[in-house]
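Structure first, commentary second.
Residue numbers (our numbering): 652 to 797.
Here's what the structure looks like:
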């Protein structure tokens, strides 16, 4: 997997390219996220536009990145998630915990709208899958408006 980090104003963007498989990708990405947090980044876009496949390593990274981001008040958006990756996120019921945008520009716009004084919570997550009858009462769900 290839990983590129860049910035758009106050938003850190990690662009991923290739299959997200077991190996060194997960630990390397965790370090990148932690480095960005230590550098003061509070908005992060993970661009999955060039990721055709994700396995449990990638899912573990996403769950950990979300927890880390939430613990420091960082807003996190996943962009460009293809149908295969979204299906896997849906199957393990992770989709509801992320704000997902169709592409990078939409994700950047969502992050730009997030006020910098938000404390202790992430951006609003996407709506839960249609299979759920009632949303789970979590702080993230209380503010969901999308």
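From the three backbone atoms N, C-alpha and C, an ideal C-beta is built for every residue, glycine too.
Since this is a predicted model, take the numbers as computed values, not measurements.
Could you round the C-beta distance between residue i and residue j to whole angstroms and report it? I think they count as a contact, below 8 Å.
i	j	result
residue 654	residue 665	6 Å
residue 702	residue 736	6 Å
residue 696	residue 740	Their Cβ separation, rounded to whole angstroms, is 16 Å, which puts residue 696 and residue 740 out of contact at 8 Å.
Exposed or buried, what is residue i when buried is set at 16 or more other beta-carbons lying within 10 Å of its beta-carbon?
i	result
residue 712	buried
residue 707	exposed
residue 698	buried
residue 723	exposed
residue 749	buried
residue 691	exposed
Rounded to a whole number of angstroms, what is the C-alpha to C-alpha distance between residue i and residue j?
i	j	result
residue 709	residue 734	15 Å
residue 756	residue 715	24 Å
residue 669	residue 677	13 Å
residue 720	residue 686	12 Å
residue 652	residue 700	13 Å
residue 689	residue 704	29 Å
residue 718	residue 738	21 Å
residue 798	residue 760	Here the chain comprises residues numbered 652 to 797, so residue 798 is not present and cannot be evaluated.
Among residues of its own chain, excluding the 5 on either side of residue i, which ones have a beta-carbon nearer than 6 Å to its beta-carbon?
i	result
residue 693	725
Ordered along the chain, which non-local residues of its own chain (more than five positions away) have a Cβ less than 8 Å from that of residue i?
i	result
residue 753	730 and 731
residue 661	692, 693, 694 and 767
Which residues in the same chain have their Cβ closer than 7 Å to the Cβ of residue i, if we skip the five residues on either side of it in sequence?
i	result
residue 758	696, 728, 730 and 752
Exercise for the section: Inspect the CB distances between the region 675-683 and the region 741-749 and report whether three or more fall short of 8 Å. Expected result: no
Practice task
Decide if the region 722-729 is in contact with the region 666-677; the criterion is three or more beta carbon pairs, one per stretch, under 8 Å apart.
Solution key: Between the region 722-729 and the region 666-677 there are fewer than three inter-stretch CB-CB distances shorter than 8 Å, so the stretches are not counted as touching.
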